[in-house]
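A quick write-up on the structure given underneath.
Residue numbers (the numbering used here): 405 to 597.
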């Protein structure tokens, strides 16, 4: 694990300079590690990070949590009508909504395109889950109309899965939430299940 060496007798200034360089390299390595787990556009975590975080949480004896998958309804319409720059602005705004809606121990991520997930650690009642979904839907509606200047062009559909009831790992929770999301998409969108 050595990163450098100094022959005896050594000069204190040289030793301090080399230690400083090693510390700088270590900081860069840590920053690169964090950057590799972030979505470049939105600044949210990426899929790999959320998978690891959920696995770590569920395997640590903490078995409770709520997994949400979000899909922006009619997102292609934004790109086709207003262009990709506006589409990116909508994605960034939704990421801000999600980021503001999770606590410090929870995790929100963009897993690709216009799909996002978040995992709230702990136990939540059906009413609390309903309130959370309603808040995200309402915030998205108001924020997007603020950006675009038009109502109801884009909405959000949400699928929900509970740990451990619906699974003990990322893949099973994502699969259950995805089925719930599909149900919402088939029944009018802009809701949760």
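From the three backbone atoms N, C-alpha and C, an ideal C-beta is built for every residue, glycine too. Keep in mind it's a predicted model, so treat the numbers as computed, not measured.
Item: Bridge partner(s) assigned by DSSP for residue 471; Value: 523 and 565
Item: Local Cβ density within 10 Å of residue 423, reported as buried at 16 or more and exposed below that; Value: exposed
Item: Residue 596, DSSP secondary structure in three states; Value: strand
Item: Buried versus exposed, by CB contacts within 10 Å (16 or more), residue 461; Value: buried
Item: Residues that residue 547 bridges to, as DSSP identifies them; Value: For residue 547, which the question treats as bridged, DSSP gives no partner whatsoever.
Item: Rounded straight-line distance, which links the Cα of residue 421 to that of residue 487; Value: 50 Å
Item: Local conformation of residue 529 per DSSP, three classes; Value: coil
Item: Cβ-based burial, residue 561 [other Cβ within 10 Å; buried from 16]; Value: buried
Item: Three-state class that DSSP yields for residue 417 in the structure shown; Value: helix
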